[in-house]
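Enquirer:
Residue numbers (our numbering): 6 to 167.
(1) Quick one: complete beta strand (DSSP E) runs, 3+ long, within the segment 90 to 148?
(2) Among 137, 49 and 150, which residue has its Cα nearest to the Cα of residue 15?
(3) Establish whether the CB of residue 34 and some CB of chain D are separated by less than 9 Å.
(4) To which residues of the same chain is residue 89 closer than 7 Å at the C-beta, ignoring the five residues directly before and after it?
(5) Work out the CA separation of residue 26 and residue 60 for me, nearest whole Å.
(6) Measuring alpha carbon to alpha carbon, tell me which of 42, 20 and 98 ends up nearest residue 79.
(7) State the Cα-Cα distance for the pair residue 103 and residue 153, rounded to the nearest angstrom.
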């Protein structure tokens with residue numbers, strides 16, 4: 006599992022050189038959950054590793070002004086065809102109590118199914134980073150005035166399968 010505590014130290018860019026295959030997956034603004042379910046012919050599952058509060062930072066550059074703050078973090082691995090494909094961390098400022106109440110009920114259900122069913126969802130920005138464990142994208146969303154930061158690390162087992 007990637008060391009999500011290092012998110013703020015990762016080198017994020019909107020213009021990371023990506024292969025055609027990587028770009029097709031990372032730059033797609035739609036629901037990753039839907040694409041993974043389709044790519045796995047329905048053999049898809051979410052493994053929940055943790056849900057807890059962390060003093061952390063989502064890193065820079067940021068479309069909103071954030072420093073080190075208290076966030077509720079949810080760490081999961083998304084499996085397709087029995088293989089770990091994506092590791093993800095959802096970060097929500099701990100002050101967003103109404104949103105957190107809804108997200109805590111997800112359990113092993115995918116975040117994407119919840120997010121992309123919200124009529125007021127907006128993706129503000131997507132950034133990319135290359136890691137030893139794969140390539141990553143960081144998305145900044147708002148639901149009304151509530152903020153969600155999502156970091157997804159696409160593992161080598163994912164691109165090997167395609």
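Positions of the beta carbon are idealized from the N, C-alpha and C atoms, including for glycine.
Expert: On the basis of the coordinates in this document:
(1) 126 to 136 and 139 to 148
(2) 137
(3) Going by chain labels, chain D is absent from the structure shown, which holds only one protein chain.
(4) 82, 160 and 162
(5) 35 Å
(6) 98
(7) 13 Å
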